[in-house]
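Working notes, beginning with the structure itself.
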Amino acid sequence: MRESNFSFPSQNRASVCITAALYDRRALDCTAILPLINSLTHLTYLTSTSPRIREILTMDGGLERLVRILKTTKVNDKRSGWKWSMAFQCVANVGVRGSETIRTRVVDAGMVPVIITVLDNFLKALDHVRLEKEQ
Numbered sequence: 483m484r485e486s487n488f489s490f491p492s493q494n495r496a497s498v499c500i501t502a503a504l505y506d507r508r509a510l511d512c513t514a515i516l517p518l519i520n521s522l523t524h525l526t527y528l529t530s531t532s533p534r535i536r537e538i539l540t541m542d543g544g545l546e547r548l549v550r551i552l553k554t555t556k557v558n559d560k561r562s563g564w565k566w567s568m569a570f571q572c573v574a575n576v577g578v579r580g581s582e583t584i585r586t587r588v589v590d591a592g593m594v595p596v597i598i599t600v601l602d603n604f605l606k607a608l609d610h611v612r613l614e615k616e617q
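To convert, note that position 46 of the sequence shown is 528 in this note's numbering; the numbers rise steadily by one, no gaps.
Now the structure itself:
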């Protein structure tokens with residue numbers, strides 16, 4: 483059975499993808515990992531360079547979708563790691579480079595628990611390295 487997504491015949495693609503020149507919210511709903519990684523790669527560039535894209539992401543539900551990707555992705559292979567890393571970088575770009583209103587939306591979207599988990603895992607890894615050095 484084909485995975486649910488939109489067809490994009492004008493660009494000869496089986497799914498809608500975000501490019502460096504085109505943002506389409508539907509591309510973030512893609513269930514196939516490769517087109518999603520492709521879209522997230524382009525979205526990382528767009529969120530780092532375009533204030534308008536950062537603003538649109540907070541209004542059209544894209545920010546919530548990125549946070550949902552971060553919360554639900556299990557990093558057990560390289561592609562899942564890329565997907566998680568790109569989504570995290572997009573949200574970080576929106577939060578760091580956005581206005582105060584946009585930063586507030588990042589918090590409202592549920593990013594704080596994700597950041598706490600990342601920092602907690604870092605501290606666990608740091609403790610593990612310290613224990614190895616002591617032995």
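Virtual Cβ for every residue (Gly too), placed ideally from N, Cα, C.
Once you ignore the five residues that flank residue i on each side, which residues in its own chain have a CB closer than 7 Å to its CB?
{"i": "F570", "result": "L552"}
{"i": "E546", "result": "A591"}
{"i": "N520", "result": "C499"}
{"i": "R507", "result": "D542, G543 and G544"}
{"i": "R587", "result": "T540 and L545"}
Using 10 angstroms around the beta-carbon of residue i, count the other beta-carbons present and answer buried if the total reaches 16, otherwise exposed.
{"i": "G563", "result": "exposed"}
{"i": "M483", "result": "Model confidence at M483 stands at a pLDDT of 38, short of 50, so the residue's coordinates are unreliable and nothing is read from them."}
{"i": "V611", "result": "exposed"}
{"i": "K565", "result": "buried"}
{"i": "V576", "result": "buried"}
{"i": "L522", "result": "buried"}
{"i": "I598", "result": "exposed"}
Using CA atoms only, rank isn't needed, just tell me which of the options is closest to residue i.
{"i": "V549", "options": "L510, I500 and L608", "result": "L510"}
{"i": "T501", "options": "D609, A514 and L528", "result": "L528"}
{"i": "M541", "options": "I584, I515 and V573", "result": "I584"}
{"i": "S581", "options": "L516, D602, N558 and E537", "result": "E537"}
{"i": "V573", "options": "D602, V594 and A607", "result": "V594"}
{"i": "V557", "options": "V589, A503, I535 and V600", "result": "V600"}
Under a three-way DSSP split, which group does residue i fall into?
{"i": "T555", "result": "coil"}
{"i": "T531", "result": "helix"}
{"i": "T583", "result": "helix"}
{"i": "T526", "result": "helix"}
{"i": "T501", "result": "strand"}
{"i": "A514", "result": "coil"}
{"i": "A574", "result": "helix"}
Please report how far the alpha carbon of residue i lies from the alpha carbon of residue j, in whole angstroms.
{"i": "P533", "j": "R579", "result": "8 Å"}
{"i": "C512", "j": "D559", "result": "18 Å"}
{"i": "K615", "j": "L605", "result": "15 Å"}
{"i": "T555", "j": "Q617", "result": "34 Å"}
{"i": "L525", "j": "M568", "result": "8 Å"}
{"i": "A607", "j": "L613", "result": "10 Å"}
Spatial neighbours of residue i within its chain, please: CB distance less than 8 Å, with the 5 preceding and 5 following residues excluded, ordered by chain position.
{"i": "I515", "result": "R561, S562 and K565"}
Going by beta carbon distance, what residues of the same chain come within less than 6 Å of residue i, once the five residues before and after it are set aside?
{"i": "V596", "result": "L552"}
Can residue i be considered in contact with the ligand ATP, in the sense that its beta carbon sits closer than 7 Å to one or more heavy atoms?
{"i": "R587", "result": "You won't find the ligand ATP in this model; it holds no ligand whatsoever."}
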